[in-house]
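J.:
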Amino acid sequence: MEWIKYVVFSLIVIPVVLIGLWKTGKQRTVAFTAAGVLCLLFGSFLMNQPDEEDIKVQIQENVAAVKPYLAKEFPDEKWTISTVPFQKEGYQHINPYVITVVFQNEPDAAYEYKINPKGRVELSGFHNKNDTHEFKHLKHN
Numbered sequence: 198m199e200w201i202k203y204v205v206f207s208l209i210v211i212p213v214v215l216i217g218l219w220k221t222g223k224q225r226t227v228a229f230t231a232a233g234v235l236c237l238l239f240g241s242f243l244m245n246q247p248d249e250e251d252i253k254v255q256i257q258e259n260v261a262a263v264k265p266y267l268a269k270e271f272p273d274e275k276w277t278i279s280t281v282p283f284q285k286e287g288y289q290h291i292n293p294y295v296i297t298v299v300f301q302n303e304p305d306a307a308y309e310y311k312i313n314p315k316g317r318v319e320l321s322g323f324h325n326k327n328d329t330h331e332f333k334h335l336k337h338n
């Protein structure tokens, strides 16, 4: 899906350049200036987008932050931590920064944690396989 943004960019810039080649005088200058500005905007957009490696590193840092939090909040408990398979088919719509935790003594429930901008671990959601489940690991602040 990476190629889509390049196709859209090309479909916008190429006609502007072609118009610049076709026109003369001030209109040509305006068209080439517009194409240049569009190229600069697209370049700054690409530079501000996190690349795949940056996202994977951030996910691992989030997992590393959640582990000590769980050990402190739920001592003597066992859990399984999972993350979203980043950029895999069927998972593109899910936030890759959310860490899912399933406790061994509560296998039907999943708790979702995230790291807030201040670096603190927060419970961002929870769900279960059936609607009658009581959540044992909810912390009320």
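Going by our numbering, the first residue of the sequence shown is number 198, and it counts up by one from there. From the three backbone atoms N, C-alpha and C, an ideal C-beta is built for every residue, glycine too.
If you follow the alpha helix (DSSP H) that PHE283 is in, where does it begin and where does it stop?
T.: Per DSSP, PHE283 belongs to no alpha helix (DSSP H) and is neither H nor E.
J.: Please find out if some non-hydrogen atom of the ligand PLP comes closer than 7 Å to the beta-carbon of VAL254.
T.: Of the ligands one can find in the structure shown there are none, so the ligand PLP has no counterpart to examine.
J.: If we define contact as Cβ-Cβ less than 8 Å, is ASN259 a contact residue for chain D?
T.: In the displayed structure, chain D is absent; only one protein chain is listed.
J.: In whole angstroms, give me the CA-to-CA distance for VAL227 and PRO247.
T.: Approximately 32 Å between the Cα atoms of the pair.
J.: Thinking C-beta only, is PRO272 closer than 8 Å to THR280?
T.: No; because the gap between Cβ atoms is not below 8 Å, this pair is not in contact.
J.: Per DSSP, which residues does LYS269 bridge with? Please list them.
T.: Answer is none; LYS269 lacks a bridge partner.
J.: Please name the residue or residues paired with ALA307 in a DSSP beta bridge.
T.: Per DSSP, HIS324.
J.: Under 8 Å between the Cβ atoms of TYR266 and VAL318?
T.: Cβ distance < 8 Å, so TYR266 and VAL318 count as in contact.
J.: Below 8 Å CB to CB, which residues in the same chain sit around PHE283 once its five sequence neighbours on both sides are set aside?
T.: Contacts found: GLU249, ILE252, LYS253, ILE256, PRO293.
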